[in-house]
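Novice: For the sequence shown, the working numbering assigns the number 3 to the initial residue and increments by one for each residue that follows.
A virtual CB, placed ideally from N, CA and C, is assigned to each residue, including glycine.
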Amino acid sequence: MDTSESPVEAGKKLFEAAKGGDLRTVRLLLSQGTETNWKNHNKCTPLIWASRNGHLDIVKELLAHNAFVNSPDVAGCTPLDDAAYNGYLNIAKEQLAHGASVNTSNMATLG
């Protein structure tokens, strides 16, 4: 993280990079110590958005940096819910391999 940048600003950048599929920026920010589990106003994390948008490489990178795999958003949906709902089986499998719980699902709110 740039020393002039606040943790919130760095978190927002990580969030947007994960959401947009920018692996290079995700790696850079994580290497600079940006909080892996930063949440926006809807309690969405970078892992939720990477999962929702099908960015397997970013999901793997975030999980390697201890992203909370069962952290729900404001609606109660987890990264696993988003991956499954959007048909990203490879991402769902990766999350399950990292301890994602099927018992924390709130799929009823999706759709």
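Buried or exposed, going by whether 16 or more other CB atoms sit within 10 Å of the CB of E63?
Specialist: Position 61 of the sequence shown, counting from 1, holds the residue named residue 63. Result: buried.
Novice: Check the C-beta distance from E2 over to G13 and give it rounded, since I have them as a contact under 8 Å.
Specialist: Only positions 3 to 113 of the chain appear in this structure, which leaves residue 2 out of reach.
Novice: Using 8 Å as the threshold, is the stretch 53–60 in touch with the stretch 74–92, meaning 3 or more CB pairs across them?
Specialist: yes
Novice: So, for N68: in the same chain, excluding its five sequence neighbours on each side, which residues have a beta-carbon less than 7 Å away from its beta-carbon?
Specialist: For the purposes of this step, residue 68 is taken as residue 66 along the sequence shown, with counting starting at 1. Excluding sequence neighbours, N68 sits near T38.
Novice: Taking the continuous alpha helix (DSSP H) assigned at F17, which residues delimit it?
Specialist: To locate residue 17, count along the sequence shown from 1; it is residue 15. Residues P9 to G22.
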